[in-house]
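Everything below concerns the one structure shown next.
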Amino acid sequence: MEWKNLSLKVKLILYIVVGTLLVLVASTVMTISTVTSQEEDLAYKQATEMARNYANNFNGDMEKNKAIAETIAVSVGSYDSISREETNNMLYNLLVHHPHLLGTYIAYEPDAFDGQDHLFVNSPGHDATGRFIPYWNKINGPIRLDPLLDYETLDYYQLPKKTESDVLTEPYYYEGVFIVSYVSPIIKNDEFVGIGGVDVSLNYLDDTISDVKAFDSGYAFMTGNTGILVSHPFNKDWIGEKTLYDFDIPEISSAADDIREGKSGHVKTIDPNTGETVIMFYEPIRTGNFSFILVVPEDEIFAGVTTLSNKLLEISLISLIFMAGVSYLIALSFTEPIKNIVRDFKNISEDAVRGKLDSRAKTDVQKDFREIPMGLNEILDSVIAPVRDTIRLTNALAKGELSERSNLNVKGEFKQLANTLDDLAESLDTIIEDSSEVLSAVQNNDFSRQVRVYGEGNFRILTEGIEKTRKTLSEMIQEREKLEEIRKKEIHHRIKNNLQVISSLLDLEADKFTDESVIEAFKESQNRVISMALVHEELYRSQDMESIDFSDYLIKLVNELSYSYIIEKESLHIKTDVETVFLDMDTAIPLGMIVNELISNSFKHAFSPRQKGEIHVNLSLDKEKLTLVVGDNGIGFPENINFRETDSLGLQLVTTLISQIGGIIELERDKGTRFRITLN
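Using our numbering, read the sequence shown as starting at -18 and increasing by one per residue.
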């Protein structure tokens, strides 16, 4: 059955029940989410705090062991007169008074203790070298004295010797016992002479940690910095043999990475021992390279959360059933009076369809619903007058009588209805006037005048059409200007390419001659072509196609000339000091050729072979006055030659080009040669 065909009573029940359901579901979800989050945080904090407390306790034990090792090293290192017997007594007593220790020892470098190693060869606490290496230990039960083994290779001796600092070794097997060593170096006169240390069996750690319980079935174990298992309550064969990485579980491997970096944290993973989903909390033991790990099944951590969630769901279901009954009673109180009102609405609507607007609703209904038919009657009374007046105004507008106006004294939207036709006439006048001004501007090639007044509906189609036409014409003009700019760029690009081809041809032709003067003439012609090509290249890259950055052009031209003469004149350098100046093409090409000729003359004539020197080019602009100086610190321009009347083609070209651009050229012979060119 379609929704629209359902009764009002059914709809009310559905609305209330569904609304209540949504509210209950949302509130339940929010409550469960909030409580769950709080319970989870509490459980995580509880487990984390437990792991941290155990880690701190074991850290204290390791601090004590480290302190004993430091005491041994400091004690024997502080006294020069202590004997081997006294040292052995001290080590023995320490082992007796600290029953958790597996062994106490010192190890000296050869003859570093008292210089008498040769007297103690193979005696107790010594090996075949006679070195003083007593190891008091309980490895096999009762306390006994043995010489230390493998001190030349194992970390317990080599690491403190190398670093000259305290060392806590990674867990390792020594004579079949899994131990860890706390070692301090013995330093005398700023030199390493030996070590003092203690060994701790990791069996006592395993026994202690195996007794740790968390929640119902949680347990704990310990690893080394590399992830190797130091203890485990269930799988003793894993101790010293497996690392966290060996389980090949990504989450556990990630935790192992954190442990290697001394970080704390927790991961959700699969317990390799039970196969259950667990939360693994890990805390570093700062004094040693160890980490305490607490493993708690996930369902035990969140047991309270599950119970609470079920109770909240039960409460929500009971509330939903209760609200369904209440909604049914509410629906009954509404449906009957509404049926009567609907019947009146139907009668009035049937009369209105037939054009009869005088029908009215009955007002003898329940008090709570009485205002509905009364309001309907008032609406009918208010609508009749505006409708009739609208008909009158519409007929007037259809005849073109735009001066006709409404005479009704109404309010609100009825007033807006009366004013609409008045506004329409005024809008038409405004649209026609504004559009006419735009069209007149377009006829005069002025596309900047935009349409300011837009109509609505079909009137908007008219005004937008005019505006689109204006924009299209404007874009066509702009596109034509862009094409013209592209054409100019292409022309300059082709001219530049052709000049480069000419330069290459001159270079090829020069290779056919052996006469230096002919080759030099080709080179000069090639440089002149390059100077013109560079101008067209700059114009191709410029924005306005009318002027170029002459300072940038000048630097490129100087570089080209340097490359041209660098093989012959490698001891000469060109120094430029140019300001940013923009010049048009008619000035840039002659001025570039002038610079080319003057720099070429300096390279060819200003310096003797292998003479070091400098050619300088300065460009400045001051109050619309452009000054170009090209000079060198060479032998100087001959006093008996007038550069304006010389036979040199290059200087003749310079004077001709200066005259062409209306400039002034002056020659200065002070400390070399300088040509100063001034343009207004």
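Quick reminder that beta carbons are idealized off the backbone N, C-alpha and C, glycines included.
For the alpha helix (DSSP H) that residue i lies in, which residues bound it at each end?
{"i": "residue 166", "result": "Note, residue 166: premise wrong, no alpha helix (DSSP H); beta strand (DSSP E) at 158 to 169."}
{"i": "residue 172", "result": "No alpha helix (DSSP H) contains residue 172, which is instead part of the beta strand (DSSP E) from 172 to 182."}
{"i": "residue 132", "result": "Premise fails: residue 132 is in no alpha helix (DSSP H) and is neither H nor E."}
{"i": "residue 233", "result": "231 to 241"}
{"i": "residue 78", "result": "65 to 78"}
{"i": "residue 136", "result": "136 to 144"}
Let me check one thing: in DSSP terms, what residues is residue i bridge-paired to?
{"i": "residue 118", "result": "84 and 125"}
{"i": "residue 196", "result": "DSSP output for residue 196 lists no bridge partner at all."}
{"i": "residue 608", "result": "601 and 659"}
{"i": "residue 275", "result": "201 and 262"}
{"i": "residue 247", "result": "262"}
{"i": "residue 528", "result": "565"}
{"i": "residue 595", "result": "554"}
{"i": "residue 35", "result": "Partner(s): none; residue 35 has no beta bridge."}
{"i": "residue -5", "result": "Answer is none; residue -5 lacks a bridge partner."}
{"i": "residue 149", "result": "163"}
{"i": "residue 665", "result": "Residue 665 falls outside the range modelled here, since the chain spans only -18 to 661, and no answer is possible."}
{"i": "residue 649", "result": "655"}
{"i": "residue 155", "result": "158"}
{"i": "residue 544", "result": "Answer by DSSP bridge pairing: none, since residue 544 is not bridged."}
Count the other CB atoms within 10 Å of the CB of residue i; is the residue buried (16 or more) or exposed (fewer)?
{"i": "residue 236", "result": "buried"}
{"i": "residue 54", "result": "buried"}
{"i": "residue 298", "result": "exposed"}
{"i": "residue 645", "result": "exposed"}
{"i": "residue 47", "result": "buried"}
{"i": "residue 213", "result": "buried"}
{"i": "residue 70", "result": "exposed"}
{"i": "residue 258", "result": "exposed"}
{"i": "residue 303", "result": "exposed"}
{"i": "residue 118", "result": "buried"}
{"i": "residue 475", "result": "With a pLDDT of 49 at residue 475, under the threshold of 50, the modelled position of this residue cannot be trusted; read the value that follows with caution. Exposed, since its Cβ has fewer than 16 Cβ neighbours within 10 Å."}
{"i": "residue 84", "result": "buried"}
{"i": "residue 554", "result": "exposed"}
{"i": "residue 206", "result": "buried"}
{"i": "residue 654", "result": "buried"}
{"i": "residue 24", "result": "buried"}
{"i": "residue 6", "result": "exposed"}
{"i": "residue 275", "result": "buried"}
{"i": "residue 355", "result": "exposed"}
{"i": "residue 74", "result": "exposed"}
Near residue i, which residues of its chain fall below 7 Å by C-beta distance, leaving aside the five closest residues on each side in sequence?
{"i": "residue 104", "result": "none"}
{"i": "residue 216", "result": "254"}
{"i": "residue 293", "result": "9, 12 and 13"}
{"i": "residue 602", "result": "560 and 562"}
Within its chain, find whatever has a CB closer than 6 Å to the CB of residue i; leave out the 5 residues flanking it on each side and keep chain order.
{"i": "residue 101", "result": "107 and 111"}
{"i": "residue 357", "result": "342"}
{"i": "residue 33", "result": "264"}
{"i": "residue 647", "result": "657"}
{"i": "residue 18", "result": "none"}
{"i": "residue 588", "result": "594 and 615"}
Kindly indicate if chain C contains any beta-carbon less than 8 Å away from that of residue i.
{"i": "residue 196", "result": "Of the chains in the structure shown, none is chain C; there is only one protein chain."}
Would you identify the three-state DSSP class for residue i, choosing helix, strand or coil?
{"i": "residue 644", "result": "coil"}
{"i": "residue 212", "result": "strand"}
{"i": "residue 559", "result": "strand"}
{"i": "residue 224", "result": "strand"}
{"i": "residue 435", "result": "coil"}
{"i": "residue 60", "result": "coil"}
Whose C-beta lies closer than 8 Å to the C-beta of residue i among residues of the same chain, with five residues either side of it excluded?
{"i": "residue 447", "result": "416, 419, 420 and 432"}
{"i": "residue 458", "result": "428"}
{"i": "residue 154", "result": "160 and 221"}
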